[in-house]
Amino acid sequence: MSQADHSKSPGNSHGIRIAGVSKVYAGTSRPAVDDVSLDIAPGEFITLLGPSGSGKTTMLSMLAGFVSVSAGKIEIDGKDVSRQKPHKRNLGVVFQQYALFPHMSVTKNIAFPLQQRRMPKAEIAAKVDEALRLVHLEEYADRLPSQLSGGQQQRVALARAVVYRPRALLMDEPLGALDRKLRDELQREIARMHRELGMTFIFVTHDQHEALTLSDRIAVFNEGRIEQVGTPSDLYERPETLFVAQFLGESTCFRGTVDVSAGVLRCGGFTPRAPRLDAGLDGSGGVAVVRPERLDLHSDAGSVPTGHNRVRATVTEIVYVGNHHQVGLRFADGTNGSAMRVAGRDLPAVPGEEVTVSWDPEHQSVVADPADEPTAERPAETLGAAAT
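Heads up, the sequence shown is in UniProt numbering, so the first residue is 1 and it goes up one at a time.
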């Protein structure tokens with residue numbers, strides 16, 4: 001997807017519009033955010049996903065008004081807020097650090113933004129009660145933050161951020177300080193809050209599981225730019241770049257040269273069929289990306305379904321992870337891959353033995369090889385050295 005395409009999103013012209021936004025910090029030459037455009041529909045849950053230093057938190061900080069915009073503009077409901085102070089944007093913000101007032105009770109922490117807005121006491125009390133019910137903390141109203149668990153403190157922070165019904169809720173790694181079990185629990189709570197409030201949620205994380213679980217759409221950031229925007233299934237099943245394929249989930253990657261007329265990727269002695277090839281890649285380096293659950297393993301090559309791609313590999317390890325086995329694979333050129341085998345199914349081989357690996361070509365994506373030189377075949381770097 002080109003940079004211009006990122007502005008195409010569901011919904012009408014209202015909501016949040018990021019148009020050509022860049023940020024260059026003083027004393028640096030490389031932008032932290034580089035010409036980013038993205039439309040966020042009203043009521044959408046969108047996640048900014050990427051590794052550390054990819055620009056996602058800087059982008060969120062510019063949305064909130066905590067960091068100035070170097071170029072481009074940010075619009076909320078059709079109004080340019082690029083130079084507007086944070087408190088005038090009417091956005092709720094939740095950080096990884098809870099930032100609760102330690103000397104105030106839960107009730108007083110949640111009431112604070114309403115008091116700053118000089119609301120009547122009766123209205124404040126009603127809104128605080130509603131917020132407490134939303135985060136299921138009615139029993140803890142009079143406790144201090146120090147008397148709460150980390151998950152409960154984050155619920156208070158969420159309640160305080162939405163109690164005044166902001167235009168949108170911005171969350172910067174809000175679950176990063178919690179253990180896995182609490183993170184899973186809070187993910188479900190955040191999803192429920194989004195459904196109940198119908199508010200726009202913008203969520204920053206480097207955790208692919210959080211992004212896939214929570215989001216209507218995901219914007220994948222890399223080196224200050226957006227690599228791809230789409231639904232979780234779009235990005236997982238049809239990554240458009242090698243970075244997206246490798247960052248969002250595991251993949252086995254078969255490198256070769258794209259032959260559009262033949263509908264294949266030529267990988268030396270292994271030539272997988274590849275439907276839906278991009279004509280612009282013809283003759284250049286491509287990477288066939290296959291997710292581990294799409295790979296099947298056979299002790300008998302004759303059991304491979306007609307039309308499926310196939311290649312030999314050696315099993316390097318088998319790891320039991322509860323509901324499935326993770327099977328490590330090593331291809332003839334030394335490149336590693338992995339397959340997923342549902343627990344309870346027989347394993348076709350043990351470590352050290354060879355198997356036939358197959359998959360339906362409809363369940364792969366072929367993307368440009370970023371390491372490719374336009375005319376280079378690079379046979380020594382290709383995967384899958386021998387066809388069966």
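C-beta atoms are modelled at their ideal positions from N, C-alpha and C, and glycine is treated no differently.
Predicted, not measured: the structure shown is a model, and the values here were computed from it.
Alpha carbon to alpha carbon, what distance is there between L48 and S215? So the alpha carbons of these two residues sit roughly 10 Å apart.
Would you kindly work out how many angstroms separate the C-alpha atoms of V366 and L178, rounded to a whole number?
The C-alpha of V366 lies about 37 Å from the C-alpha of L178.
| said: Going by beta-carbon coordinates alone, are E250 and R291 separated by less than 9 Å? | reply: yes
ask   = Hey, how far is the Cα of N222 from the Cα of L170?
value = When rounded, the distance between both Cα atoms is 20 Å.
### Residue interval of the beta strand (DSSP E) (run including Q326)
324-330
For R273, which option in Q97, G53, H308 has the closest C-alpha, if you only look at C-alpha atoms? H308
- prompt: Cβ of P272 less than 9 Å from any chain B Cβ?
  reply: No chain B appears in the structure shown, which is made up of a single protein chain.
(Q) Need the endpoints of the alpha helix (DSSP H) that K73 sits in, please. (A) Premise fails: K73 lies in the beta strand (DSSP E), 71-76, not in any alpha helix (DSSP H).
Beta-ladder partner(s) of Q364, from DSSP
V290
Cβ neighbours of P113 in the same chain (closer than 7 Å, five flanking residues each side left out) | R160, V163, Y164
Out of D360, L295, L63, G302, which one is the CA nearest neighbour of G328?
For G328, the nearest C-alpha among the options comes from L295.
For Q147: DSSP bridge partner residues
Beta-bridge analysis with DSSP links Q147 to no other residue.
Fill in: Through-space distance from L297 to T356, alpha-carbon basis
6 Å
Thinking V156 and I110 are a contact (beta carbons under 8 Å), I'd like their distance in whole angstroms, please.
7 Å
Requested in this report: Sort F201, R217, G283 by Cα distance to Q208 and report the nearest one.
Outcome: R217
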